[in-house]
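Structure first, commentary second.
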Amino acid sequence: MTLPIRLIFVLLAPLFMTGCFLTPGDFESELTIENSGQFTFAYRGEIVLNLPNRAGSNTYDVEAIYADIEPTCYNEPATVAEPDAVVEPDTAADAADGADDWSIGIPDTAYEPRECTPEEIAEQRAEWQETIDAMRENEQRQATIMMQLLGGINIDDDETMRAYAARLQQQRGWNSVVYRGNRVFEVDYRITGSVDQGFVFPVLDGFEVSQPMVVITAAEDGTVRVQAPGFASDRGLAGMMLLSGMGEMADAESPVQTTANGRFVVRTNGDIRTNNTENGPADEAGMRVLAWMVDGLSRPKPETLIRLSR
Numbered sequence: 027m028t029l030p031i032r033l034i035f036v037l038l039a040p041l042f043m044t045g046c047f048l049t050p051g052d053f054e055s056e057l058t059i060e061n062s063g064q065f066t067f068a069y070r071g072e073i074v075l076n077l078p079n080r081a082g083s084n085t086y087d088v089e090a091i092y093a094d095i096e097p098t099c100y101n102e103p104a105t106v107a108e109p110d111a112v113v114e115p116d117t118a119a120d121a122a123d124g125a126d127d128w129s130i131g132i133p134d135t136a137y138e139p140r141e142c143t144p145e146e147i148a149e150q151r152a153e154w155q156e157t158i159d160a161m162r163e164n165e166q167r168q169a170t171i172m173m174q175l176l177g178g179i180n181i182d183d184d185e186t187m188r189a190y191a192a193r194l195q196q197q198r199g200w201n202s203v204v205y206r207g208n209r210v211f212e213v214d215y216r217i218t219g220s221v222d223q224g225f226v227f228p229v230l231d232g233f234e235v236s237q238p239m240v241v242i243t244a245a246e247d248g249t250v251r252v253q254a255p256g257f258a259s260d261r262g263l264a265g266m267m268l269l270s271g272m273g274e275m276a277d278a279e280s281p282v283q284t285t286a287n288g289r290f291v292v293r294t295n296g297d298i299r300t301n302n303t304e305n306g307p308a309d310e311a312g313m314r315v316l317a318w319m320v321d322g323l324s325r326p327k328p329e330t331l332i333r334l335s336r
């Protein structure tokens with residue numbers, strides 16, 4: 027008896043499942059919204075491209091696991107007795123002692139390990155190789171998809187990533203962008219604008235899709251909603267993986283852990299209608315201040331609704 031190839035995939039899936047798109051690393055972020063509708067947003071710290079590993083890297087891990095596993099075979103069970111042929115126990119003691127044996131008629135030797143035949147060894151090793159080949163093909167396909175989504179940028183080439191950092195720094199708001207290696211950018215971002223226009227951070231030149239960290243939207247009734255989906259472990263990140271083709275084996279109902287470690291602060295002289303901070307707003311120099319600690323744990327995404335009186 028050998029393990030089905032699909033079962034092997036299920037057992038090994040946690041070894042080659044990875045994260046999402048853009049996540050904070052160590053950071054500080056502040057947002058100030060005036061009653062006039064003007065806002066200033068700042069982000070200082072790391073932005074991590076938390077993407078699937080290089081094609082084949084996880085396959086090598088699985089190959090190492092397989093190299094340490096010896097093929098295993100088991101005795102096949104005896105024919106199970108028909109329901110009308112089942113022997114009932116004579117006493118309650120008999121029923122409690124080895125109930126499984128008398129009820130289905132399987133001998134004690136059933137499913138015990140035994141020495142594999144050469145043919146069975148060859149069959150199991152062929153199945154293992156089939157698993158490895160399928161994983162390698164899937165990883166290469168994911169790498170191709172990721173390069174397309176990232177505008178053709180090769181995220182595994184440091185020179186390319188440093189050149190992209192220089193290109194990003196030319197955009198408004200990106201005061202400093204330094205590529206630190208290992209898919210980590212150190213950034214200093216600050217921008218001022220009007221909430222009427224809406225706002226999303228970050229917007230990366232050339233990226234066809236990304237998970238926003240902060241979103242500001244304004245309604246006709248004068249309210250402004252601030253959401254920070256990138257500052258929390260959120261099911262939406264897993265959903266984004268599925269939509270992009272990155273996470274075919276991901277569970278969209280499972281939270282995705284991030285590398286975030288920092289604080290997000292919102293200041294306003296508007297009327298805070300709702301918020302999901304732990305301690306509520308505080309007063310500071312004529313402003314109402316909300317603060318969220320962000321540490322990658324499964325917390326709700328920071329969110330607040332503010333009414334402006336302009």
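So the mapping is simple: my numbering equals the position in the sequence shown, first residue as 1, plus 26.
We put the CB at the ideal spot given by N, CA and C, even for glycine.
CB contact flag (residue i, residue j, <8 Å)
| i | j | result |
| --- | --- | --- |
| Val252 | Gly288 | no |
| Asp214 | Arg70 | yes |
| Val210 | Gly312 | no |
| Val221 | Ala244 | yes |
| Glu156 | Asn101 | no |
| Asp159 | Gln197 | no |
| Phe65 | Ile242 | yes |
| Arg151 | Pro97 | yes |
| Asn305 | Pro326 | no |
| Asn76 | Thr294 | no |
Residues near residue i by beta carbon distance below 7 Å, same chain, minus five either side
| i | result |
| --- | --- |
| Phe290 | Ser55, Ala254, Phe257, Trp318, Val320, Pro328 |
| Glu212 | Glu72, Val204, Arg206 |
| Leu334 | Asn61, Gly63, Gly248, Val250, Gly296 |
| Thr186 | Ile179, Asn180 |
| Asn201 | Asp214, Tyr215, Arg216 |
Length of the line joining the Cα atoms of residue i and residue j
| i | j | result |
| --- | --- | --- |
| Ile95 | Glu89 | 10 Å |
| Asp297 | Arg216 | 24 Å |
| Ala93 | Glu141 | 18 Å |
| Pro238 | Ala192 | 21 Å |
| Glu15 | Cys99 | Shown here, the chain extends from 27 to 336; a query on residue 15 therefore has no answer. |
| Val229 | Arg162 | 31 Å |
| Val240 | Phe227 | 5 Å |
| Thr143 | Ile91 | 22 Å |
| Gln166 | Thr49 | 23 Å |
| Gly219 | Gly199 | 11 Å |
| Asp184 | Glu246 | 46 Å |
| Leu194 | Val292 | 26 Å |
| Val344 | Thr170 | Past the boundaries of the shown model lies residue 344; the chain is included only from 27 to 336, so the question cannot be answered. |
Residues of its chain near residue i, where Cβ-Cβ distance is below 6 Å and the 5 sequence neighbours each way are ignored
| i | result |
| --- | --- |
| Thr300 | Leu331 |
| Phe67 | Leu57, Ile217 |
Residue i (DSSP reduced to helix, strand or coil)
| i | result |
| --- | --- |
| Asp277 | Confidence in Asp277 is poor, its pLDDT being 42 and thus under 50, which makes the residue's placement too unreliable to answer from. |
| Tyr92 | helix |
| Pro345 | No answer is possible for residue 345: the residues shown for the chain start at 27 and end at 336. |
| Glu304 | coil |
| Asn287 | strand |
| Arg162 | helix |
| Arg325 | coil |
| Ala148 | helix |
| Glu156 | helix |
| Thr170 | helix |
| Thr143 | coil |
| Leu334 | coil |
| Gly71 | strand |
| Ser62 | coil |
| Gly296 | coil |
| Gly312 | coil |
| Pro103 | coil |
Cβ-based neighbour list, residue i, same chain, cut-off 8 Å, excluding 5 preceding and 5 following
| i | result |
| --- | --- |
| Asp309 | Val315 |
| Pro307 | Ile298, Asn301, Arg314, Val315, Leu316 |
Original post:
Can you list the alpha helix (DSSP H) stretches of 4 or more residues lying completely in the stretch 179 to 267, in chain order?
Top reply: 184 to 194
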